[in-house]
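Following: one structure in structure tokens, then a few remarks.
Shown next as structure tokens:
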């Protein structure tokens, strides 16, 4: 079974790349934002906060981990049902914890022998392209990023996979330009290997 993480910052095109590959692969498609946004927004509203603020101290301390937990639980249930999984989200803290993925699998009686874990780090090397994509998608939760662009970019997240998986199971994918057939095939071959 395959568990493929599509990670990266906002505007890099994680969803676009993973959706495009869904034409090739049969997998449970689990976008962390889709799974987590409704209940996170509700909890923020119930606490008198902006439902789209993902940069507040309250969100980071009390709510940040909930969508990740829910998404991972659904992913693990799908793996137990022998279904491949595509997971879409930043996963910055999780990638930085060397033991995280192994513990997650082990908690459900799974291991690297049964589950082929791969990570595709979707990147954009042009911050203007990133900003344009964020503006085009028009999500309210992105407003803080756009209003504080220099501050947001100064906190640029670096993606380092610390998990005990082979280097060949991690791919940095530059999604700055159009998706060519050659690029698409590179992604397909990486996942199939």
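Numbering (my numbering), first residue to last: 1 to 193. Using N, Cα and C, we set each Cβ at its ideal position, and we do this for glycine too. Since the model is a prediction, treat every value here as computed from it, not as a measurement.
Item: If distances are taken between C-alpha atoms only, which option among 14, 181, 72 comes closest to residue 107?; Value: 72
Item: Taking the beta carbon of residue 93 as the centre, do at least 16 other beta carbons fall within 10 Å, making it buried, or is it exposed?; Value: exposed
Item: Can you list, in chain order, the residues of its chain with a C-beta nearer than 7 Å to that of residue 172? Leave out the 5 residues immediately preceding and following it.; Value: 121, 123
Item: Pairing CB atoms from the region 32-43 with CB atoms from the region 85-92, are three or more of them under 8 Å?; Value: yes
Item: Name the residue from 68, 28, 100 whose alpha carbon lies nearest to the alpha carbon of residue 83.; Value: 28
Item: What do you reckon, are the CB atoms on residue 2 and residue 115 nearer than 9 Å?; Value: yes
Item: Measuring only the C-alpha atoms, how far is residue 61 from residue 109?; Value: 30 Å
Item: Go through its chain and collect everything with a Cβ distance to residue 75's Cβ below 6 Å, but skip five positions before and after it.; Value: 30, 85, 87
Item: Under 9 Å between the Cβ atoms of residue 163 and residue 102?; Value: yes
Item: Helix, strand or coil: how does DSSP classify residue 3 here?; Value: strand
Item: Just how far apart, CA to CA, sit residue 189 and residue 170?; Value: 13 Å
Item: Going straight from the alpha carbon of residue 22 to that of residue 57, what length do you get?; Value: 35 Å
Item: Tell me which residues share the same chain as residue 19 and place their Cβ nearer than 8 Å to its Cβ, disregarding the 5 neighbours each side in the sequence.; Value: 29
Item: If you drop the 5 nearest sequence neighbours on each side, which residues of the same chain put their C-beta closer than 8 Å to that of residue 96?; Value: 160, 162
Item: Need the endpoints of the beta strand (DSSP E) that residue 123 sits in, please.; Value: 116-123
Item: Looking at residue 7: is its Cβ nearer than 9 Å to the Cβ of residue 187?; Value: no
Item: When you compare the CB positions of residue 66 and residue 46, do they come within less than 9 Å of one another, or not?; Value: no
Item: By Cβ distance, which residues of its chain are closer than 8 Å to residue 168, with the 5 residues on each side in sequence left out?; Value: 193
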